[in-house]
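Reading through the structure tokens given below for one structure.
Residue numbers (this note's numbering), protein chains in the order written: chain A, 1 to 62; chain B, 63 to 530.
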């Protein structure tokens, strides 16, 4: 994962994607791309949260 | 010059001795400072008593304690005052003025009043405390902050002090493994020179970036504590820029050095504990912070996970909805297509039906025409066939007549015979017959077989055929 992963930015993008997908105006062709991107972002966010969790756990092991 | 009246020295001294004895018949209590002090090997103790004013001596006298009195005097005094009998202290002594023709005036001491010295000491102490308080020295060290984790420590003590080893072991061999930087600054910890020696060490240590300076007496006589009430030492401690911690170790009272110091404890072990506890306290704070950070972070992560889940669900739902919409649209389109197709099909069917009706109608017309044509042909064929058959019949009759005319049986009936060979072939010549062959002879009413006996060929030889 990218060292400089910007979680807040990723979340903002996800919010935007959700809003776009919910918008009936959005074309189905675009939705496919958007869903793909959302999957990618979700994966990155979860991975990021997991590393944060691991760091929290490692606090106790010092 | 006439003869002078004189006496010898001894006479004079004896006169003085007598005079002194008369003038000072009993014993007197005298207040004086012990300015020098020298117990001798023979057990007697020689000392000087003096009085000063403005730092200058204004009176002085030799004195001594006999060896049979010295131990008792010393012990009584030291036990009562907790202070060694030594130079520099002010005492109230009971003296007998004695004049020796050989040594001159000497004061024989047979008692020292401890209560007086205690009072003197207390007074002196009180005055020192008052001066220190007035000058603000008492609070100076208290305003310094001991670092949260004091690491660089200077210990002022005598190297041989047992207490120093206790302190060192206790501090450095702690179970938590806390590390310290420890410097030893040697100083005299008892006697007259102690205050100056300790001040010097303090001055030196105060210039270094120590976290704390420790004054550790660590053993030695319990009677040597007066130096820790020294005014100048107290000032040196108070003005030291580094926090000073004292462990002078005396349960009976608190010394001025203890009062002006940042912190004071009683024993070397307690001194080590003070620093270990500082570390333990920091450890506890770290643990708490770690716990709080952990909890807060976990809460945050959980919240974010929920947020991600919600976003994911939103996208999924929206997509499902869109897919549902599309499904419905597709179904609608399909239905329309099906309907249109069905319509189209039934239209086609109708037109097909119409067409087939027309076709069948057209066909039957055609058929009748064809049938008529066929009938005509058949008739013609029938005619032709009948004609042909008649012709054939007459042909057959002709042939029959011809066949009848050539039938061999008709010939046989005329008396001819038909000879057949081995293979029942009609023999037309003798060429194919050999002597001994069996031949068949057919008559009109039957047949027989015969054996060739002789053959006569009209072409080759004259042999005759004998029919057996």
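Quick reminder that beta carbons are idealized off the backbone N, C-alpha and C, glycines included.
Residue 134 of chain B classed as buried or exposed, judged by whether at least 16 other C-beta atoms fall within 10 angstroms: With a threshold of 16 other beta carbon atoms within 10 Å, residue 134 of chain B falls short and is exposed.
Proximal residues to residue 241 of chain B (C-beta, below 6 Å), its chain only, five neighbours per side dropped: Closer than 6 Å at Cβ, skipping near neighbours: no residue.
Partner residues on chain A for residue 388 of chain B, Cβ-Cβ distance less than 9 Å: Within 9 Å Cβ-Cβ: 28.
Other residues of its chain near residue 1 of chain A: CB distance less than 8 Å, five sequence neighbours each side excluded: The pLDDT assigned to residue 1 of chain A is 48, lower than 50, so where the model puts this residue is not dependable; a value taken from the coordinates is nonetheless given after this. Only 44, 47, 48, 51 meet the Cβ criterion.
Any chain B beta carbon closer than 8 Å to residue 18 of chain A: Chain B contact via Cβ: present.
Residue-chain proximity (residue 40 of chain A, chain B), Cβ-Cβ < 8 Å: Not an interface residue.
Alpha-carbon to alpha-carbon, residue 84 of chain B and residue 150 of chain B: If I take the Cα positions, the gap works out to 32 Å.
Buried/exposed call for residue 81 of chain B, threshold 16 Cβ in 10 Å: Burial is judged here by how many other beta carbons sit within 10 angstroms of a residue's own beta carbon; residue 81 of chain B has fewer than 16 and is exposed.
Residue 114 of chain B versus residue 338 of chain B: straight-line alpha-carbon distance, rounded: Straight-line measurement puts the Cα of residue 338 of chain B at about 48 Å from the Cα of residue 114 of chain B.
Minimum Cβ-Cβ distance from residue 53 of chain A to chain B less than 8 Å: Answer yes: the Cβ-Cβ gap between residue 53 of chain A and chain B drops below 8 Å somewhere.
Min CB distance residue 373 of chain B to chain A below 8 Å: Cβ-Cβ to chain A under 8 Å: yes for residue 373 of chain B.
Start-to-end residues for the alpha helix (DSSP H) that takes in residue 45 of chain A: For residue 45 of chain A, the enclosing alpha helix (DSSP H) stretches over residues 28 to 59.
Distance between beta carbons of residue 142 of chain B and residue 101 of chain B, contact taken as under 8 Å: Approximately 19 Å separates the beta-carbon atoms of residue 101 of chain B and residue 142 of chain B; this is outside 8 Å, ruling out the contact.
Beta-carbon spacing of residue 223 of chain B, residue 264 of chain B below 8 Å: No, the Cβ-Cβ distance between residue 223 of chain B and residue 264 of chain B is not below 8 Å.
Every unbroken beta strand (DSSP E) within the region 318 to 348 of chain B, with a cutoff of 3 residues, ordered by chain: Whole beta strand (DSSP E) segments, 3+ residues: 325 to 327.
Per-residue contacts from residue 355 of chain B into chain E (C-beta, under 9 Å): Annotation note: the requested chain E is absent from the structure, which comprises protein chains A and B.
Nearest-angstrom Cα separation, counted from residue 471 of chain B out to residue 458 of chain B: Spanning the two alpha carbons is a distance of roughly 21 Å.
Among B:95, B:105, B:308, nearest to residue 112 of chain B - alpha-carbon criterion: Nearest of B:95, B:105, B:308 to residue 112 of chain B, Cα basis: B:95.
Inter-residue spacing [alpha-carbon to alpha-carbon] between residue 55 of chain A and residue 351 of chain B: Using only the alpha carbons, I get a separation of about 15 Å.
C-beta neighbour in chain A for residue 301 of chain B, strict 8 Å: Using a Cβ-Cβ cut-off of 8 Å, residue 301 of chain B does not count as an interface residue toward chain A, since no Cβ of chain A sits closer than that to its own.
Within 8 Å, strictly: CB atoms of residue 213 of chain B and residue 219 of chain B: No, Cβ-Cβ distance for residue 213 of chain B and residue 219 of chain B is not below 8 Å.
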